[in-house]
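Trainee: For reference, the structure I am asking about is given below.
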Amino acid sequence: MCNVWNYIRYVCKTRRNLKQKKSIYHQSENEIQREEKILKKSIHNPNAFAPIYEKYYLQLFKFVIQRVENNEIAAEIVSDVFAKAIFNLKKYKFKGMPFSAWLYRVAYNEIANLHRKKKKRRTVNIPDDSWNLFQLEETHTEDHSSSINKMKVCLQKLKPHEVELIEMRFFEERPFKEVGEILGLTTENARVKTHRAIKKLQKLFKA
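Okay, so the sequence shown: first residue is 1149 according to this note's numbering, each after it adds one.
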């Protein structure tokens, strides 16, 4: 039986090698500082917020649609998130992170509220290219397929916040600082909780 931790690390390493451009979740310090200036202007002039909206709309929509799997609901949530962002700009505290982290946090809370109201657990929806990369050395096709199916079942057995930690960190490749900001955790707490989630997933996978 494979080691889940190495299994996931292998996937992430392979995905990084395949990428030809910088991840949309990482920005330079200059880019983040430019965002801060735009946000300060937007407090007094909402029209100045347009570049932020244009920059993050698609990213935020992808984040939401993966978790609700309904275009209309996703669009509505994204609209609500941006409306709340503009309304609460005065309360926003700059922490050296891209503004997207705060937007994702608002979106995450909206999604969590939606699932609580429906009393429905969200389906773990990992992009196809991620699952295609879940392969082990010296394994046959049938073993690979079996591992994929078992991994999906195991993920469903985790608590929602554990799935989010694994999904954000390993499949969306966010740094722990950003994961923590989205989930309302310290960077170290996000790191610890993620490792615990991986250990739990490992036990389920080996069972």
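Beta carbons are placed, not taken as given, at the ideal position from N, Cα and C, and that holds for glycine.
Using only the alpha-carbon positions, how far apart do L1237 and L1187 sit?
Mentor: Roughly 7 Å between the two C-alpha positions.
Trainee: Rank T1335, Q1304 and L1331 by C-alpha distance to the C-alpha of L1352 and give the top, closest one.
Mentor: When only C-alpha atoms are compared, the closest one is Q1304.
Trainee: Output the boundary residues of the alpha helix (DSSP H) element that contains F1242.
Mentor: Counting along the chain, F1242 falls outside any alpha helix (DSSP H), and DSSP gives it neither H nor E.
Trainee: For V1254, collect the residues of the same chain with a Cβ closer than 8 Å to its Cβ; drop the 5 residues on either side in sequence, then sort them by chain order.
Mentor: So the qualifying residues of the chain are V1229, K1232 and A1233.
Trainee: Indicate, with yes or no, if the ligand SAH has a heavy atom lying under 7 Å from the CB of V1212.
Mentor: Summarising the ligand content, the structure contains no ligands, and the ligand SAH is consequently not present.
Trainee: Taking just the CA atoms, how far does I1213 sit from N1219?
Mentor: Cα to Cα, N1219 sits roughly 7 Å from I1213.
Trainee: Whose CA, out of E1184, Y1252 and K1300, lies closest to the CA of Y1204?
Mentor: That would be Y1252, whose Cα lies nearest to the Cα of Y1204.
Trainee: Threshold first: 4 residues or longer. Then list the alpha helix (DSSP H) segments lying entirely within the segment 1190-1243, N to C.
Mentor: Listed in chain order, they are 1198-1216 and 1219-1235.
Trainee: Using the beta-carbon count (16 or more within 10 Å), is E1183 buried or exposed?
Mentor: E1183 is buried by the Cβ-count criterion.
Trainee: Would DSSP call L1333 helix, strand or coil?
Mentor: Here L1333 sits in coil by DSSP.
Trainee: With H, G and I counted as helix, E and B as strand and the rest as coil, what does DSSP make of H1288?
Mentor: Summary for H1288: the model assigns pLDDT 45, below 50, so the residue's position carries little reliability; its value from the coordinates is reported in the next sentence. It is coil, neither helix nor strand.
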